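Chemist: Our numbering applies: residue 46 is where the sequence shown begins, and numbers increase by one. Beta carbons: idealized from backbone N, C-alpha and C, even for Gly. Remember, it's a predicted structure, so these values are computed and weren't measured experimentally.
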Amino acid sequence: MGFKKNNFLEKFTNSQVFLPLIGFAGIIVLWWIIALFRSEMMPTPPEALAKNLDFILHPFYRRGPGDLGLGWLLLASLRRVCIGFLLGAIVAIPVGFLIGMNNTAWQILNPVIQVFKPVSPLVWLPIALAIFNSAEPSAIFVIFITSLWSTIINTAEGVKNVPAEYLEVAQVLEMPRWKQLVTVMLPASLPYIFTGLRISLGIAWLVIVAVEMLTGGIGIGFFVWDEWNRLNVSSVFLAVFVIGITGLILDYALAKLQTLVTHRPARG
């Protein structure tokens, strides 16, 4: 029994669960220490938990037109991110293939990409509002722009790194160009494409919070800003955890999809 107990403890302490828990525990301890020095503004972890129990236990309540549970706000933000991200992928992957296969297209589009890529996504928000004159399509447009650059660059890099032997075999077999694209280039480029998609999705989820803080409406970002205006810092801490865990789940889901499609383990 003693041997089995020691073996269990050794496996647990070496697992992928125990070590991350140490990191989270360190963050909570740091939060607690800061809260003790700033007690007039910051709640301690137990105080924040007590104040947020209603949000945690009833995430899908509806108590009025503007009084919705955190679950509904999260779904509203996820819907915007998914629409903008999918539209961005639909545009970015073909453009990535184009500039990866065609040197002239690369010379035309690469400078444009390099100029717009460092621009903060929030800079596009006033332009989107001027075009659409509405917060909802403007938020989706910002996510769309955000989702382009990493996916385009990684897709083009994947196409350029297709092994020459694959293309030579395809030419020997006299494959049409479209068949080379579908059966050779696309499968070989998939790891690069998914890497770009995962980066784009992470940035898109980060940006939607800031966009919603500026545009208002229903969403997790507006929830953060509204709770801060009420000086309810406890709910802001809850939102931090919800946003972080949701981003982790999104990346994990895309990594699992990558494994299913490419039959290779996703890195990162």
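So the candidates are S195, A284, A95, P310; which of them puts its Cα closest to the Cα of G114?
Modeler: It is A284 whose Cα lies nearest to the Cα of G114.
Chemist: Expressed to the nearest angstrom, what Euclidean distance is found between the alpha-carbon atoms of I144 and V204?
Modeler: For I144 and V204, the distance between alpha carbons rounds to 9 Å.
Chemist: Excluding the 5 residues flanking L302 on each side, which residues of the same chain have their C-beta closer than 7 Å to its C-beta?
Modeler: None.
Chemist: Following a CB-centred definition, is L295 positioned closer than 7 Å to any heavy atom of the ligand NAD?
Modeler: The ligand content of the structure shown is nil, which means the ligand NAD is not present either.
Chemist: Considering only residues of the segment 143-191, which uninterrupted alpha helix (DSSP H) runs meet the minimum length of 4 residues and lie entirely inside it, listed in chain order?
Modeler: Fully enclosed alpha helix (DSSP H) runs of 4 or longer: 148-161, 169-177.
Chemist: Compare the C-alpha of V252 against each of M86, S280, L167 and name the closest.
Modeler: If we check each option's Cα against that of V252, L167 comes out closest.
Chemist: Considering only residues of the same chain and omitting the five flanking positions on each side of G247, which have a CB-CB separation below 7 Å?
Modeler: Counting only Cβ-Cβ distances below 7 Å, and skipping sequence neighbours, we find G292, D296.
Chemist: Under the three-state reduction of DSSP, which class applies to I276: helix, strand or coil?
Modeler: Note that residue 276 is Leu in the sequence shown here, rather than Ile. In the structure shown, L276 sits in coil (DSSP, three-state: anything other than H, G, I, E or B).
Chemist: Between the segment 89-96 and the segment 272-284, do at least 3 Cβ pairs fall closer than 8 Å?
Modeler: The segment 89-96 vs the segment 272-284: in contact.
Chemist: Quick one: grab the DSSP three-state call for R83.
Modeler: DSSP places R83 in coil when its eight states are reduced to three.
Chemist: In terms of DSSP beta bridges, what is R107 paired with?
Modeler: L113, per the DSSP bridge assignment.
Chemist: Whole angstroms is fine: what's the gap from F105's alpha carbon to S122's?
Modeler: F105 and S122: Cα-Cα distance of roughly 14 Å.
Chemist: Can you tell me which of the three DSSP states N97 falls into?
Modeler: Reduced to three states, the DSSP call for N97 is coil.
Chemist: V229 and V207: beta carbons closer than 8 Å?
Modeler: Cβ atoms of V229 and V207: closer than 8 Å.
Chemist: Just how far apart, CA to CA, sit F130 and S192?
Modeler: Rounded to whole angstroms, F130 to S192 spans 6 Å at the Cα level.
Chemist: Look up A311 in the DSSP assignment and say whether it is helix, strand or coil.
Modeler: If DSSP states are grouped into helix, strand and coil, A311 belongs with coil.
Chemist: Count the other C-beta atoms from every protein chain shown that fall within 10 angstroms of the C-beta of R309, then say buried if there are 16 or more, exposed otherwise.
Modeler: R309 comes out exposed.
Chemist: With DSSP collapsed to three states, give me the class of L259.
Modeler: The answer is helix: DSSP assigns L259 an H, G or I state.
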